[in-house]
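**Q**
Numbering (our numbering), first residue to last: 1 to 138.
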C-alpha cells in the first residue's frame, strides 16, 4: 500500500491518534483505573471516554498555523476531527479546535510515555499470566 505524504491548507492540522500517556492504568495498590468511562459534567452520567477527548501527534500543518508544529502532541474533541484517507490512519482538525497541546521537546512528554509503556507492559504480563492459569491462548 502506498502512503501519501500530504500537506494541509490554511489553519488545518494533520495528526495520528496515539495512546494518551497521562492516563494511569492502575493505582499503586493494583486497582484498575482505566474503565473507559468518564463522568459527564453536564448530566452526571457516565460516557465512554474515547467519545470525548482524544490525544494525537501532529504530522503536518497548514501555512496559517500559529501555535503548534509537526511533532507536537494535541488534545482534541472527537467531534471536531475528520478522517483523511492517505493510506494510513490520519485525521484533520482546525487549529482553533485543538483543546490543548504539549510541545514535542517538553521533557514531561518522554517521561509520560516511558511511564505509560512500563504500566502497559506490567498490565500485559499480568493478563498473560491470568490467561495461562485459565488455559486461554491470547
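Glycine is no exception: its CB is placed at the ideal position from the N, C-alpha and C atoms.
Put residue 116 into one of helix, strand or coil per three-state DSSP.
**A** helix
**Q** For residue 79, name the three-state secondary structure that DSSP assigns.
**A** helix
**Q** Between the Cα of residue 22 and those of 79, 113 and 104, spot the shortest distance and give me the residue it belongs to.
**A** 113
**Q** Going by the beta-carbon positions, is the gap between residue 104 and residue 56 smaller than 8 Å?
**A** no
**Q** Pull up the CB-CB distance for residue 93 and residue 73, whole angstroms please, since I reckon it's below 8 Å.
**A** The Cβ separation is near 13 Å, so there is no contact.
**Q** CA-CA distance, residue 102 and residue 109?
**A** 8 Å
**Q** Comparing alpha-carbon positions, which option in 97, 128, 127 and 126 lies nearest residue 65?
**A** 97
**Q** Tell me, which residues are paired with residue 61 by DSSP?
**A** Per DSSP, 13.
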